[in-house]
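Numbering (my numbering), first residue to last: 252 to 1357.
Dropping the structure here:
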């Protein structure tokens, strides 16, 4: 394809189409460069041009993190890094993949992941610190990042040099992020440190982060001093430590000590060239540290180390701190000490000449002459003699001072070692000489005393000299004290007490109030200044004290300031609330005589709390619920008005479920107000709104597991259940907070649910309550009972038929609650077979106490065939819908969700046969006809074979069942292929002289009439008299029958008796007797007709009822 055409086609596509095309191409391509190119295109489009599509395609891109190509995985690591920095909200979804990539088997990918981890950690902390509310995604991200930190800390012991290097750099970043910066160093715009993390952030406390950073610093120093560290890792770690010391001066001492130990204890695994490189790097590092202002107090120590490393004097002098820097540092230390001690400032004129001038720092006195003299003459023999002579003064055990201060020489160069020893010896010689000079001066003074006064002894002269020294010291101390007292006296003389009364006059009240208000407004507007100056806490304390103790204008100004930005000023509001609470408890800053009656502490506290609740309620957005929760959970006291306000908020369906969850938290966390908040939550269990009601019920059920609350909740549920006994719903279930502002006089489903909802929810936790429902049910009205029967389905189903309490209820059914028990049994068996225990209890109840056959319907499949057949006459008399349900259960077409097939007590054929065998005295024929019609409607159960079995069995019965021929006709209409079987039945009926049973005979004739011409062969087998009667009963049979016979051949006609032919041809009249009338005598009056069947018009009418 022409590249230009390809570019045009891409230009015509939208961003989503391009991304999908690139991702698909990368997925199916096996070329590494194509995959990387497409991923880079997608990254550029998502992160820089179309960021709104990042959420949609993020998972598709991250799937490449498991690609076989290491370069592709490395590219994905870069995408994770850039997306996390630019859009930190995706970090919870990417950090888990970064955790896996950090332990990738390919070192290139692992090192890239370690580099990305440092930047991701920084971005995540900035994201969490800047959020007003910590979300679950933030908590998840921080948990995963903590795991990532632990993993990378362990990777510092990796076998790969490069991975260890990247791990060291990551730990360097952790220390810099999780520690406080140097207050004297300027802060860059992109800097982030521990001071940027809010104190209120719970998932990442400053103290814990700082402790973790200190622990990481210890690990880094330990790694720096490891005897098996490589030269590359050692120099990397050295650079990291130097950077940390420069940016975090509090670690300067630890770093310098670590570098000192390294100088004297280099790893033995290093080669000579590596030792030289490390020493050179160490020298450069120490020179860099010496230039830093924080290392001024360690300058002499660093200078000695540099001298031992062979640094030139010019280099040391150039890097050594200047005198003004030292003076500035000491002055700053003095100022900090003075501020910390909070000393009272006294004007004392200090003479400039008396100011202690800081002497210019001197380089370490190396005693060049003695040192060079010793170094030139220090041979092996002299060194041996020195050691042997000194052995007499060496103690048996090594002293602690020697252990602490001795540092072995790291270098192996003989000249450097000789120089070091010469330096030590020269220093000792100088110290010895100074001591000797001092002792000589003292002895000369004693000799002078002896010369002047020869009568005294040497000991007396020494004592006298000592007393003179003590007197001189005492005079100097006294002179110093007198000079100090004089300076204080001069300062007191110059300080004159200022009396404001003498120079001012009282201001009018209005001006004072206005000035006070102006001062408060200035304090309110100085929020940023106070934060930058580090006095935000002091400012907050001043504002809360003023608001709690001064006039209403101040309160109004502070309150307006807080409500303008509740998200960021809730801390100030809580501080004010605690101030009001302190006044409420009697910790007053003013006398009660100055307090106006309308400013009573309780009223002020209550007004402030309710005003804050109302202000939070006006906020739009997700922060509203978090602020409300924090206010209620952190307030020292919850007043009744505040409880009522929360009750109204939680009954507002537009507020969602957060206020209800807050109510539950208040029940748990406010023991003194536990019952109050529990009552509010219980009230919502009867709310009109279904969402609020169900949520409240769920929360109450969670509280029900607490032992101290279960009894109260249970009593409340039983109390409201008892309201269902009343003729009218109680007024307590109505009201604005219940969602029913208008009082109703009749029970409705809503009011019934209000009284029954919590009770039914507790049934699964406390099954004993089912007996209370049965007792109350007996006193309910009819409408309430119908609603209750509909509502109990869910709770009863959750209990299951194995519940001992349900079985006990069935066994001890209270009088009047039969319909409830029946409904319960029906629910339990609706989708599963009844258990043996349930069947036994229902059978016993039916046989001993309750004769209503409806009790047996739910457990029919658990009864024996004999019991089912015995109950059939009563069952088919019930409502047609109920009868259909009965047959569904018996025929196995009932719901069975248990998945376990169960044995039916009676087969479909046996059921239909039993219906034909019902005694007419127990059930009317019309009722039996309806029942058989319901059976035939179940074609799944009554197949062609089943129907044939039924007809065969009925035909063999003596006497023949009355509804035999109706069943035969219905079977033939349902399954026409049974016509041959029906003809066989008709022939056998002739042998059984069917005409002797008039109703069956009438059905026989009708069946022959409907099955012509197949039935002509059967009709010709009838005796002449019966044939004549059949033709008289069915006139439309004669002509087709005659035509059928005329079509016979002559030899066939010869087999037909002449009497039969005469009957067919109508030659012989046949008188019929009245006893052939099918209709039963005396059943109906002359003007009455039997009821027609309620069946399909296509089905035949029963014999004698057409």
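We put the beta carbon where it would ideally sit given N, CA and C, even for glycine.
In the DSSP assignment, find the unbroken alpha helix (DSSP H) run with residue i in it and report its ends.
i: residue 837; result: Note, residue 837: premise wrong, no alpha helix (DSSP H); not H, not E.
i: residue 804; result: 803 to 815
i: residue 632; result: 631 to 641
i: residue 1106; result: Careful: residue 1106 lies outside any alpha helix (DSSP H) and carries neither H nor E.
i: residue 1365; result: Residue 1365 lies beyond the range of the chain shown here (252 to 1357); nothing can be said about it.
i: residue 1022; result: 1021 to 1028
i: residue 419; result: 412 to 428
i: residue 308; result: 305 to 313
i: residue 1010; result: 1000 to 1014
i: residue 773; result: 760 to 776
i: residue 1186; result: 1176 to 1188
I need the straight-line Cα distance from residue i to residue j, nearest angstrom please.
i: residue 1023; j: residue 1068; result: 11 Å
i: residue 834; j: residue 931; result: 29 Å
i: residue 1219; j: residue 1234; result: 10 Å
i: residue 242; j: residue 275; result: The structure shown does not extend to residue 242, since the chain is modelled only from 252 to 1357, so the question has no answer here.
i: residue 1106; j: residue 897; result: 49 Å
i: residue 925; j: residue 1086; result: 44 Å
i: residue 762; j: residue 769; result: 10 Å
i: residue 909; j: residue 1115; result: 56 Å
i: residue 348; j: residue 503; result: 37 Å
i: residue 299; j: residue 329; result: 14 Å
i: residue 631; j: residue 562; result: 27 Å
i: residue 1050; j: residue 1000; result: 23 Å
i: residue 266; j: residue 311; result: 15 Å
i: residue 287; j: residue 492; result: 37 Å
i: residue 1323; j: residue 1124; result: For residue 1323, the pLDDT reaches just 42, beneath the cut-off of 50, and the residue's location in the model is therefore unreliable, although a value from the coordinates is still provided. If you take the alpha carbons of residue 1323 and residue 1124, they lie about 37 Å apart.
i: residue 238; j: residue 403; result: Past the edges of the chain, shown from 252 to 1357, lies residue 238, and the structure says nothing about it.
Evaluate residue i with the Cβ neighbour count: other Cβ atoms within 10 Å of its Cβ, from every protein chain shown; 16 or more gives buried, anything less gives exposed.
i: residue 1183; result: buried
i: residue 264; result: exposed
i: residue 459; result: exposed
i: residue 1186; result: buried
i: residue 387; result: exposed
i: residue 405; result: exposed
i: residue 1208; result: exposed
i: residue 484; result: buried
i: residue 1338; result: Low confidence applies here, because residue 1338 scores a pLDDT of 37, under 50, leaving its location unreliable; read the following figure in that light. Per the 10 Å Cβ criterion, exposed.
i: residue 848; result: With a pLDDT of 43 at residue 848, under the threshold of 50, the predicted position of this residue should be treated as unreliable, though the coordinate-derived value follows. The residue is exposed, with fewer than 16 neighbouring Cβ atoms inside 10 Å.
i: residue 665; result: exposed
Report the residue from the options whose alpha carbon sits nearest the alpha carbon of residue i.
i: residue 352; options: 513, 326 and 298; result: 326
i: residue 280; options: 349, 1060 and 320; result: 320
i: residue 1286; options: 1266, 1296, 1256 and 1272; result: 1256
i: residue 270; options: 284, 295 and 283; result: 295
i: residue 432; options: 445, 337 and 810; result: 445
i: residue 900; options: 911, 938 and 350; result: 911
i: residue 377; options: 292, 414, 344 and 447; result: 447
i: residue 1046; options: 1061, 1018 and 1143; result: 1018
i: residue 907; options: 890, 884, 879 and 942; result: 942
i: residue 1158; options: 1176, 1117 and 1173; result: 1117
i: residue 791; options: 760, 993, 824 and 814; result: 824
i: residue 1099; options: 391, 1317 and 1063; result: 1063
i: residue 375; options: 365, 389, 1238 and 1262; result: 389
Within this structure, are the beta carbons of residue i and residue j separated by less than 8 Å?
i: residue 557; j: residue 534; result: yes
i: residue 952; j: residue 1044; result: no
i: residue 860; j: residue 886; result: yes
i: residue 1005; j: residue 984; result: yes
i: residue 525; j: residue 482; result: yes
i: residue 629; j: residue 680; result: no
i: residue 977; j: residue 1025; result: no
i: residue 1293; j: residue 1316; result: yes
So with Cβ pairs under 8 Å, would you call residue i a contact of chain D?
i: residue 286; result: As a matter of chain content, chain D is missing from the structure shown, which is built from one protein chain.
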